[in-house]
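Chemist:
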Amino acid sequence: MACISRLSLTNFRSFEDLELELPSGVVVFFGANAQGKTTLLEGVYLLAIARSFRAENEREVVRFESAAESGQALAGGEVLRKDGERVTVHVGYQAPSHGPGPSNNGDEGKRGSTRPSPVRKEIRVNRVRTSAAGLVGAVNAVLFTAEDIQLVFGPPAGRRRYLNILLSQSDPAYLRALQRYSRVLQQRNRLLRMLRDGRADPDEMSFWNDELVREGAWITWRRHETIGELGKLCEEHHHSLSGMAEEVLVQYLPRVPPGENLAATERSFRESLVSAEGRERATHTTAVGPHRDDLGLRIDRVDMRAYASRGQARTLALALRLAEAAYLESRRGEGPIVLLDDVLSEMDLTRRRRVLEQASRFQQTLITTTDMDDPHSFFGSAAHFFRVDSGRVTPLSNEAATPATTALTNPVRD
Amino acid sequence: MSMGPLPAASPSLARLVQELHKLPGIGPKSAQRLAYHLIRLPEDEALALADAITSVKRNVIFCQDCQNLTDISPCSICQEPRRNQGQICVVEDPLDVMALERTHCYDGLYHVLHGVISPLNGVTAHDLKLGDLFKRLEAGSVEELVIATNPTLEGEATSMYIRRHLEGRDIRITHLARGLPVGGSLEYSDDQTLRRAFQGRQEL
Ligand SMILES: [Zn+2]
Numbered sequence: 068m069a070c071i072s073r074l075s076l077t078n079f080r081s082f083e084d085l086e087l088e089l090p091s092g093v094v095v096f097f098g099a100n101a102q103g104k105t106t107l108l109e110g111v112y113l114l115a116i117a118r119s120f121r122a123e124n125e126r127e128v129v130r131f132e133s134a135a136e137s138g139q140a141l142a143g144g145e146v147l148r149k150d151g152e153r154v155t156v157h158v159g160y161q162a163p164s165h166g167p168g169p170s171n172n173g174d175e176g177k178r179g180s181t182r183p184s185p186v187r188k189e190i191r192v193n194r195v196r197t198s199a200a201g202l203v204g205a206v207n208a209v210l211f212t213a214e215d216i217q218l219v220f221g222p223p224a225g226r227r228r229y230l231n232i233l234l235s236q237s238d239p240a241y242l243r244a245l246q247r248y249s250r251v252l253q254q255r256n257r258l259l260r261m262l263r264d265g266r267a268d269p270d271e272m273s274f275w276n277d278e279l280v281r282e283g284a285w286i287t288w289r290r291h292e293t294i295g296e297l298g299k300l301c302e303e304h305h306h307s308l309s310g311m312a313e314e315v316l317v318q319y320l321p322r323v324p325p326g327e328n329l330a331a332t333e334r335s336f337r338e339s340l341v342s343a344e345g346r347e348r349a350t351h352t353t354a355v356g357p358h359r360d361d362l363g364l365r366i367d368r369v370d371m372r373a374y375a376s377r378g379q380a381r382t383l384a385l386a387l388r389l390a391e392a393a394y395l396e397s398r399r400g401e402g403p404i405v406l407l408d409d410v411l412s413e414m415d416l417t418r419r420r421r422v423l424e425q426a427s428r429f430q431q432t433l434i435t436t437t438d439m440d441d442p443h444s445f446f447g448s449a450a451h452f453f454r455v456d457s458g459r460v461t462p463l464s465n466e467a468a469t470p471a472t473t474a475l476t477n478p479v480r481d
Numbered sequence: 042m043s044m045g046p047l048p049a050a051s052p053s054l055a056r057l058v059q060e061l062h063k064l065p066g067i068g069p070k071s072a073q074r075l076a077y078h079l080i081r082l083p084e085d086e087a088l089a090l091a092d093a094i095t096s097v098k099r100n101v102i103f104c105q106d107c108q109n110l111t112d113i114s115p116c117s118i119c120q121e122p123r124r125n126q127g128q129i130c131v132v133e134d135p136l137d138v139m140a141l142e143r144t145h146c147y148d149g150l151y152h153v154l155h156g157v158i159s160p161l162n163g164v165t166a167h168d169l170k171l172g173d174l175f176k177r178l179e180a181g182s183v184e185e186l187v188i189a190t191n192p193t194l195e196g197e198a199t200s201m202y203i204r205r206h207l208e209g210r211d212i213r214i215t216h217l218a219r220g221l222p223v224g225g226s227l228e229y230s231d232d233q234t235l236r237r238a239f240q241g242r243q244e245l
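Protein sequences, first through last, are from chains H and Z.
Position 165 of the first sequence, counted from 1, bears residue number 232 in the numbering used here, the numbering being contiguous throughout.
Position 115 of the second sequence, counted from 1, bears residue number 156 in the numbering used here, the numbering being contiguous throughout.
(1) Whose Cβ in chain H lies nearer than 9 Å to the Cβ of Ala166/Z?
(2) In terms of residue numbering, what span does the alpha helix (DSSP H) encompassing Pro135/Z cover?
(3) Any heavy atom of ligand 1 closer than 7 Å to the Cβ of Pro269/H?
(4) Touching or not, the segment 414-423 of chain H and the segment 382-398 of chain H, by the rule of three or more beta carbon pairs under 8 Å?
(5) Tell me, which residues are paired with Ile118/Z by DSSP?
(6) Of all the CB atoms in chain H, is at least one closer than 8 Å to the CB of Ala37/Z?
(7) Measure from the C-beta of Leu258/H to each C-beta in chain Z and report whether the shortest distance is under 8 Å.
(8) Measuring CB atoms only, is the segment 409-420 of chain H touching the segment 216-229 of chain H, in the sense that at least three cross pairs come out at less than 8 Å?
(9) Could you tell me how far apart the beta carbons of Tyr147/Z and Leu141/Z are, in whole angstroms, since I believe they sit closer than 8 Å?
(10) Would you grab the beta carbon distance between Gly149/Z and Arg124/Z for me? Rounded to a whole angstrom, and I think it's under 8 Å.
(11) So with Cβ pairs under 8 Å, would you call Val156/H a contact of chain Z?
(12) Counting only C-beta atoms, is Pro160/Z closer than 8 Å to chain H at any point?
(13) Which residue marks the beginning of the beta strand (DSSP E) containing Gln431/H, and which one marks its end?
(14) Less than 8 Å separating the beta-carbons of His311/Z and Pro69/Z?
(15) On the criterion of 16 or more Cβ atoms from any shown chain inside 10 Å, does Gly144/H qualify as buried, or is it exposed?
(16) Quick one: does the C-beta of Asp106/Z sit closer than 7 Å to a heavy atom of ligand 1?
(17) Looking at the secondary structure, which residues open and close the alpha helix (DSSP H) in which Lys104/H lies?
(18) Report all residues from its chain with a CB closer than 8 Å to the CB of Phe120/H; omit the five preceding and five following residues, and keep chain order.
(19) Got a sec: is the Cβ-Cβ distance from Val251/H to anything in chain Z below 8 Å?
(20) Short check: CB of Leu320/H to CB of Ala390/H, under 8 Å?
(21) Three Cβ pairs or more, each shorter than 8 Å: is that satisfied between the segment 128-143 of chain Z and the segment 183-199 of chain Z?
(22) Under a three-way DSSP split, which group does Asp150/H fall into?
(23) Within the present structure, is the beta-carbon of Cys130/Z separated from the nearest heavy atom of ligand 1 by less than 7 Å?
(24) Note down, in chain order, every chain H residue with its Cβ under 9 Å from the Cβ of Tyr202/Z.
(25) Using a threshold of 7 Å, is the CB atom of Pro115/Z nearer than that to any non-hydrogen atom of ligand 1?
(26) Strictly by DSSP, which residues pair up with Phe211/H?
(27) Rounded to whole angstroms, what's the CA-CA distance from Leu54/Z to Glu60/Z? Just pull it up for me.
(28) Would you list, in chain order, the members of the segment 213-239 of chain H that have their beta-carbon closer than 9 Å to a beta-carbon of chain Z?
(29) Return no unless some Cβ of chain H is closer than 8 Å to the Cβ of Arg205/Z.
(30) With a cut-off of 8 Å, do at least 3 Cβ pairs link the segment 95-107 of chain H to the segment 449-466 of chain H?
(31) Could you check the C-alpha separation between Val156/H and Leu89/H for me, to the nearest Å?
(32) Please say whether Leu300/H and Tyr394/H have beta carbons closer to each other than 8 Å?
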């Protein structure tokens with residue numbers, strides 16, 4: 068079981084300089100909206116998956132006013148592992164030398180033509196510089212957010228992302244294959260367009276085809292291997308959440324059919340690629356591969372992606388997240404840190420209790436909430452409370468977290 | 042601290058800032074700082090810099106054999122009689138030649154591609170000095186081609202393109218080993234580096 072014992076955020080969104088000691092068990096951050104609660108979870112999750120979960124462009128996380136002087140935004144943490152080992156993890160963003168504004172339009176244009184990503188990321192594990200693939204897996208976390216309902220209703224990209232984060236955290240080689248695959252895909256798509264324009268020779272394609280097949284087949288195969296077990300876990304959790312024995316089916320819908328082993332999957336991939344040649348000549352983009360996969364979600368045979376009610380979708384999304392945590396625990400032999408970002412208030416009492424029950428099986432659960440009507444009966448008497456107010460985080464003794472503290476919080480939700 | 046507007050009072054200063062800003066890695070702030078620095082320089086030092094730029098543009102050419110940048114062609118490396126004429130080491134750019142020369146462990150010839158295959162950057166095999174390389178190999182005196190492109194996806198693509206092109210030819214093609222950095226430890230190496238180091242293990 069892993070737990071994060073210290074979190075530090077420097078020039079990170081609203082936090083200029085935060086040092087926070089965190090206990091294990093259930094930890095509740097409460098406060099009004101826009102005070103920085105979600106940023107705390109964003110920081111922890113960043114240390115797990117090496118990417119901000121809510122920034123469209125990661126330079127958003129840099130607090131410009133103060134980062135201009137010290138040079139970077141930094142999230143750091145000390146993680147205590149099951150075996151007693153302590154691991155320190157850091158993700159830093161090199162602040163761009165200038166803030167966003169009209170005076171930079173010329174510069175943007177210039178960068179755009181040479182290098183697409185202006186913010187530099189620096190990742191360290193135990194102070195040693197490493198890549199995203201070197202960090203992911205050092206500390207695992209599972210995040211629940213109010214947007215999880217999009218796992219069911221949203222486009223396939225969200226479900227692929229779910230699978231990718233799950234598999235990357237359970238196996239760093241997966242993330243490395245994924246990064247290489249997406250680079251191959253970009254190169255190959257550009258080459259398809261250059262071929263259309265007569266700016267390249269067809270014999271340049273073979274390297275990119277080989278790499279696409281090799282990485283793509285491996286990713287397809289790993290997804291295929293995983294989904295059986297994941298689906299079973301999802302069904303179990305769904306039963307316990309809904310109290311009904313419905314048949315829950317999580318299906319892999321691959322763009323390339325996997326074979327009976329990796330080698331057969333590679334052959335299948337190559338065949339699909341050959342038969343897609345005509346289509347690729349028309350569209351100039353790579354037509355087959357795991358970047359086109361989806362997950363099928365069915366309850367009693369009904370396709371939830373199209374026909375779920377909001378309530379059904381919410382329960383199914385919760386079950387997928389709980390299954391994610393359970394899968395990671397079974398694969399890594401160590402439970403993930405569970406992060407619940409403002410998800411409890413929209414659940415009915417039974418579900419809240421079930422989710423908290425499941426979450427508190429793990430060594431550490433970090434929860435943000437605006438609701439503090441009856442914290443002890445809600446979170447259990449052993450929970451630890453922190454108040455988050457304009458970027459300041461203050462621990463509350465358990466006695467202070469009585470119903471009277473509701474007055475401190477602003478219950479208005481947006 | 043906010044950045045002031047460009048000094049419109051001096052068009053020639055504005056032009057200098059603009060030119061400096063075109064250089065890689067130079068943002069608008071650094072461009073201004075450099076421009077003010079240049080203005081404060083004694084005139085002969087500033088002119089020496091301008092002269093160096095002009096001279097490089099007028100005099101530096103590609104070596105007719107190895108395609109490295111040089112003032113004379115063939116370049117001094119290609120002209121050195123003691124070098125092993127049967128070995129050619131293929132590198133991405135002139136800085137790689139300098140890095141390998143510093144090691145004093147290679148005494149063959151070089152071939153500089155001036156880039157790697159990367160469709161995203163608009164670079165295909167035809168944009169590299171590959172045709173010149175294949176022509177050099179036609180002559181038949183080369184026994185070994187050492188491919189020393191970087192261990193990136195694009196470096197691999199380039200290396201593979203060369204190997205495919207030379208399939209069936211009587212030339213030994215080797216590749217620089219990818220291993221552990223000296224002073225690095227096994228524990229802190231990422232698994233891809235470790236895997237490669239293991240695959241490239243050697244007889245002692
Ligand atoms: Zn030369």
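The beta-carbon is built from N, C-alpha and C at its ideal position, and this holds for glycine as well.
Modeler: In brief:
(1) What Ala166/Z touches in chain H: Ala267, Asp268, Asp270 and Glu271.
(2) Pro135 to Thr144
(3) no
(4) yes
(5) Per DSSP, none; premise fails for Ile118/Z.
(6) Residue 37/Z is absent from the structure shown; chain Z starts at 42 and stops at 245.
(7) yes
(8) With a cut-off of 8 Å, the segment 216-229 of chain H and the segment 409-420 of chain H do not count as touching, because too few Cβ pairs lie within range.
(9) So it is a contact: roughly 6 Å between Cβ atoms.
(10) Contact flag correct, Cβ pair sits at about 6 Å.
(11) no
(12) yes
(13) Annotation for Gln431/H: the continuous beta strand (DSSP E) segment containing it runs Gln431 to Thr436.
(14) Nothing about residue 311/Z can be read from this structure; chain Z reaches only from 42 to 245.
(15) buried
(16) yes
(17) Taken as a continuous stretch (DSSP letters only), the alpha helix (DSSP H) holding Lys104/H covers Lys104 to Ile116.
(18) Glu109, Tyr112, Leu113, Leu210 and Thr212
(19) yes
(20) no
(21) yes
(22) coil
(23) no
(24) Asp270, Glu271, Ser273 and Phe274
(25) Between ligand 1 and the CB of Pro115/Z, the shortest heavy atom gap is smaller than 7 Å.
(26) Note: Phe211/H sits in a beta bridge opposite Leu407/H.
(27) 10 Å
(28) Pro239
(29) yes
(30) yes
(31) 15 Å
(32) Taking 8 Å as the cut-off, the Cβ atoms of Tyr394/H and Leu300/H count as close.
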